[in-house]
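Chain order of the listed sequences is A and B.
Take 103 as the starting number for the first sequence in the working numbering and just add one per residue.
Take 103 as the starting number for the second sequence in the working numbering and just add one per residue.
We treat Cβ as the ideally placed atom computed from N, Cα and C, and that holds for glycine.
Just so it is clear, the structure is predicted and the values come from calculations on it, not from any experiment.
There are 2 protein chains.
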Amino acid sequence: MPDSFPPGSAGLVVPEVHRFDSPLELSCGRSLPAFELVVETYGELNAARSNAVLICHALSGHHHAAGFHGSEDARPGWWDHYIGPGKPIDTETFYVVCLNNIGGCHGSTGPRSLNPETGRPWGKHFPPLRVRDWVKSQALLADRLGIEQWAAVVGGSLGGMNAMRWAVEHPERVRHCLVIASAMKLTAQNIAFNEIARRAIRSDPDFRDGDFAEQGVVPRNGLALARMVGHVTYLSDALMGLRFGRELRSGSLQRGFEAPVQFAVESYLHHQGEKFAEDFDANTYILITKMLDYFDFARDYGDDPVRAFSRAQARFLVVAFSSDWRFAPERSREIVRALVAANRDVSHACIESDMGHDAFLLPNSRYEALFRAYMGRVAGTC
Amino acid sequence: MPDSFPPGSAGLVVPEVHRFDSPLELSCGRSLPAFELVVETYGELNAARSNAVLICHALSGHHHAAGFHGSEDARPGWWDHYIGPGKPIDTETFYVVCLNNIGGCHGSTGPRSLNPETGRPWGKHFPPLRVRDWVKSQALLADRLGIEQWAAVVGGSLGGMNAMRWAVEHPERVRHCLVIASAMKLTAQNIAFNEIARRAIRSDPDFRDGDFAEQGVVPRNGLALARMVGHVTYLSDALMGLRFGRELRSGSLQRGFEAPVQFAVESYLHHQGEKFAEDFDANTYILITKMLDYFDFARDYGDDPVRAFSRAQARFLVVAFSSDWRFAPERSREIVRALVAANRDVSHACIESDMGHDAFLLPNSRYEALFRAYMGRVAGTC
Chain A
103 MPDSFPPGSA GLVVPEVHRF DSPLELSCGR SLPAFELVVE TYGELNAARS NAVLICHALS
163 GHHHAAGFHG SEDARPGWWD HYIGPGKPID TETFYVVCLN NIGGCHGSTG PRSLNPETGR
223 PWGKHFPPLR VRDWVKSQAL LADRLGIEQW AAVVGGSLGG MNAMRWAVEH PERVRHCLVI
283 ASAMKLTAQN IAFNEIARRA IRSDPDFRDG DFAEQGVVPR NGLALARMVG HVTYLSDALM
343 GLRFGRELRS GSLQRGFEAP VQFAVESYLH HQGEKFAEDF DANTYILITK MLDYFDFARD
403 YGDDPVRAFS RAQARFLVVA FSSDWRFAPE RSREIVRALV AANRDVSHAC IESDMGHDAF
463 LLPNSRYEAL FRAYMGRVAG TC
Chain B
103 MPDSFPPGSA GLVVPEVHRF DSPLELSCGR SLPAFELVVE TYGELNAARS NAVLICHALS
163 GHHHAAGFHG SEDARPGWWD HYIGPGKPID TETFYVVCLN NIGGCHGSTG PRSLNPETGR
223 PWGKHFPPLR VRDWVKSQAL LADRLGIEQW AAVVGGSLGG MNAMRWAVEH PERVRHCLVI
283 ASAMKLTAQN IAFNEIARRA IRSDPDFRDG DFAEQGVVPR NGLALARMVG HVTYLSDALM
343 GLRFGRELRS GSLQRGFEAP VQFAVESYLH HQGEKFAEDF DANTYILITK MLDYFDFARD
403 YGDDPVRAFS RAQARFLVVA FSSDWRFAPE RSREIVRALV AANRDVSHAC IESDMGHDAF
463 LLPNSRYEAL FRAYMGRVAG TC
């Protein structure tokens, strides 16, 4: 990293901690006596307080969506390509808010935090969450920041579920809802992959039935396996073929015949797994994949998504990616059909991409143009 | 099971062990000093010895393809739907041979067998194999059974790779080659899933670096995880949706909120995993998935499948299934294109099915009709 930040960067950002001292009643019937949210903001809230955009993160995301924490950072935030001055979510126009959600492991109250009742880390005893609990805590944050209505709530994957839930839980507080590479509920196959990941974690001897933190160990191997499963399913077959093909690490099959890892794709995956295991919390992984599994947008509306969306006042943008087989384009079309039937204003695009589910995070000129155009429309309503 | 076998069953079958006392030179440069093959046969070899059909099993298959081992058996062999009197592979017409291949764990020489040099199980020290080593051992079996030329070599998945290799290694010994739900080589995604399964096994503390058998333990959890990964990828998203949907085991989300397993698909998968872990050998799983990864039909022919297939004299049937995303229809079309370019006689069909890769094992009327018709053609050449 150079001393100055690249052009279009949100620049140096400093996360803030917001503490909430009233109990947060959760969907499961339990409550958090108090909680903290780690938050980043980019841009300035305008005088009318009408230009705030909430960014909702996905399974492994966090508050650091854009910019840099220091000049030594190897990389910027996870959605830096789309957030910054002059970028689709233009921080010269919008006041952008991104937080690490409760249950997370990047500073907000979650399994790594101390349970005030026991003085020990919550660990596996952290209450199970549903996406609406995130919405509830985010609404308290909006109150704190003086944001009555979001210009837009934006999210990909689980973040898109989060955004949809906002639109129906607080219809008057969401002007635009951007749902990217998401679904109204997971398929059985999705749940199956999540459960394989959870079993991999639980069966790591260092998981210690969820008490690894207290016992000073980390279930690295289980986390790495979980990430490897996730990672393969977030990429497309075509992309893996392009990136790795069947390239051999050893150069020749015969030479590497008895080596445990022979193909480039294998070492890449192991590397991704190890990296993830370095800083992600195993209890958070279990907790958040369960949130994904539970999420069923229309369950409380008689399983009728049209009825659910009829509550919404927001305008919608729904984006899918052609090679995403984990949150397939058909899942986005289901959302669009329900929105249309509910007479909501909806724009929809399925973007050609061979990047699989990860496409929502990655550079893509058509996606970028669409995103920019739609956010221009949002800016017109600020 | 009733006392008598169902109509169309191959009936009571008794596996035979064939011992070969000459060393088997393997592709890796090592050799097996001797080896045993467990074999089942159904039907009778005709006087001209022209009606023999070789069945090649896939990753988790074995010699028991049809009929029953006893009247108490809960189920028949793994391909019983397609092998038996009056079935597509009609045992009143054909002499059908199915064996457990070397490296397997169902009685043939493999990691569970004793290494004569040490007097201890081979375990992880069993030599790495390639599909051509299977062909070599199968050719010795054919010699032993007096079969100069197979009327057909038939296989699905890895078995299809086995069949293709036969057709080019021993062109004069294969009259028809049936390649079902297979591919000339795995994709990077396939390799990735296999490596995840292997890592799950290797990281089970009971794997003991491959020495579990000697130490009297079984890496059940790793095997179960490996099977779960495999199983999800052998089914289609649509099929899992049809079979399980998002049905909750507890009946209600709230009641099951903190249960580790909530959805029917999860308990199904765990059950499949446990069942598999009961009798499959972990070293065999690693060994055979590596065979799958290594397999590259045209590697020794300048990466030119047309050149490779030009050696073949057999007629081919290539079958794919529409929802198979592990061995996608496009992989079969690649085989067909190469065969056509090599001027071989090839029939091809992509069968509509929502059963995913597993379709090649399961009842399907179009598949059955096609299989029957093609085997009728094979019978005409006996």
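Beta-carbon proximity check, residue i vs residue j, cutoff 7 Å
i: Val486/B; j: Ile298/A; result: There is no way to answer for residue 486/B, as the model of chain B reaches only from 103 to 484.
i: Leu325/A; j: Phe382/A; result: yes
i: Leu134/A; j: His120/A; result: no
i: Glu146/A; j: Tyr184/A; result: no
i: Phe418/B; j: Arg446/B; result: yes
i: Ala485/B; j: Pro218/B; result: Any question about residue 485/B goes unanswered here, given that chain B covers just 103 to 484.
i: Arg277/A; j: Thr143/A; result: no
i: Cys130/B; j: Pro213/B; result: no
i: Val237/A; j: Met263/A; result: no
i: Val421/A; j: Val438/A; result: no
i: Asp426/B; j: Ala283/B; result: yes
i: Val319/A; j: Asp308/A; result: yes
i: Asn202/A; j: His165/A; result: yes
i: Phe107/B; j: Phe122/B; result: no
Residue i, enclosing beta strand (DSSP E) - first and last residue
i: Arg121/B; result: Glu118 to Phe122
i: Asn385/A; result: Careful: Asn385/A lies outside any beta strand (DSSP E), inside the alpha helix (DSSP H) at Ala384 to Tyr396.
i: Ala444/A; result: Note, Ala444/A: premise wrong, no beta strand (DSSP E); not H, not E.
i: Leu139/B; result: Phe137 to Tyr144
i: Cys130/A; result: No beta strand (DSSP E) contains Cys130/A, which DSSP labels as neither H nor E.
Three-state secondary structure assigned by DSSP to residue i
i: Arg428/B; result: coil
i: Ile204/B; result: coil
i: Glu368/B; result: helix
i: Pro223/B; result: strand
i: Asn323/B; result: helix
i: Ala112/A; result: coil
i: Arg417/B; result: strand
i: Asn217/B; result: strand
i: Leu156/B; result: strand
i: Val256/A; result: strand
i: Ala400/A; result: coil
i: Gly358/B; result: Confidence at Gly358/B is low in this model, with a pLDDT of 46, below 50, so the placement of that residue should be treated as unreliable; the coordinate-derived value is given next. Looking at Gly358/B - three-state DSSP - the assignment turns out to be coil, as it is neither helix nor strand.
i: Val331/A; result: helix
i: Glu297/B; result: helix
i: Ser106/A; result: coil
i: Ala410/B; result: helix
i: Val363/B; result: coil
i: Glu349/A; result: coil
i: Ser449/A; result: strand
i: Ala340/A; result: helix
i: Ala315/B; result: coil
i: Ala422/A; result: strand
i: Leu126/A; result: strand
i: Ser210/A; result: coil
i: Glu250/A; result: coil
i: Leu463/A; result: helix
First and last residue of the uninterrupted alpha helix (DSSP H) at residue i
i: Ser467/A; result: Ser467 to Ala481
i: Ser239/B; result: Val233 to Leu247
i: Phe228/A; result: Neither: Phe228/A is in no alpha helix (DSSP H) and is coded neither H nor E.
Residue i: CB within 6 Å of a non-hydrogen atom of the ligand ATP
i: Leu242/A; result: Of ligands this structure carries none, so the ligand ATP is not represented either.
CB contact check: residue i to chain D, cutoff 7 Å
i: Phe382/B; result: The displayed structure is made up of protein chains A and B, and chain D is not among them.
Margin query: For the segment 403-427 of chain B, list every residue whose C-beta sits within 7 Å of some C-beta in chain A, in sequence order.
Written below: Those residues of the segment 403-427 of chain B that come within reach of chain A (Cβ to Cβ, closer than 7 Å) do not exist; the list is empty.
Notebook entry, point to check: Got a sec: which bits of the segment 298-317 of chain A sit with their beta carbon under 7 Å from any beta carbon on chain B, in order along the chain?
Noted result: Those residues of the segment 298-317 of chain A that come within reach of chain B (Cβ to Cβ, closer than 7 Å) are Ile298, Arg301, Ala302, Ser305 and Pro307.
Check: Mind listing which residues of the segment 271-296 of chain A have their C-beta closer than 7 Å to chain B's C-betas, in chain order?
Finding: Residues of the segment 271-296 of chain A with a Cβ closer than 7 Å to any Cβ of chain B, in chain order: Lys287, Thr289, Ala290, Gln291, Ile293, Ala294 and Phe295.
Item checked: Residues within the segment 222-237 of chain A neighbouring chain B, beta-carbon criterion of under 8 Å -> Within the segment 222-237 of chain A, the qualifying residues are Pro230.
Next item on the list: Return the chain-ordered ranges of every beta strand (DSSP E) run that is complete within the segment 264-292 of chain A and spans a minimum of 3 residues.
Entry: As far as the segment 264-292 of chain A is concerned, its whole beta strand (DSSP E) runs of at least 3 residues are 278-282.
Notebook entry, point to check: Listed from N- to C-terminal order along the chain, which residues in the segment 368-380 of chain B have their beta-carbon within a distance smaller than 7 Å of any beta-carbon of chain A?
Noted result: Contact residues of the segment 368-380 of chain B toward chain A are Glu368 and Leu371 (C-beta to C-beta distance below 7 Å).
Next item on the list: Using a Cβ-Cβ cut-off of less than 9 Å, list which residues of the segment 319-332 of chain A approach chain B; keep chain order.
Entry: Against chain B - using a Cβ distance shorter than 9 Å - the residues of the segment 319-332 of chain A are Asn323, Gly324, Ala326, Leu327, Met330 and Val331.
Item checked: Whole runs of the beta strand (DSSP E) within the segment 161-204 of chain A, excluding any shorter than 3 residues -> Runs found: 197-202.
Next item on the list: Anything in the segment 334-349 of chain B with a Cβ closer than 7 Å to a Cβ of chain A? List those residues in chain order, please.
Entry: Against chain A - using a Cβ distance shorter than 7 Å - the residues of the segment 334-349 of chain B are Val334, Asp339, Met342, Gly343, Phe346, Gly347 and Arg348.
Check: Listed from N- to C-terminal order along the chain, which residues in the segment 390-402 of chain B have their beta-carbon within a distance smaller than 9 Å of any beta-carbon of chain A?
Finding: So the list reads Lys392, Asp395, Tyr396, Asp398 and Arg401, given in the order they occur along the chain.
Next item on the list: Give, in chain order, every residue of the segment 427-452 of chain B whose Cβ lies closer than 8 Å to some Cβ of chain A.
Entry: Closer than 8 Å at the C-beta level to chain A, one finds these residues of the segment 427-452 of chain B: Trp427 and Ala430.
Notebook entry, point to check: What residues in the segment 196-221 of chain B have a beta carbon less than 7 Å from any beta carbon of chain A?
Noted result: Hits within the stretch: zero.
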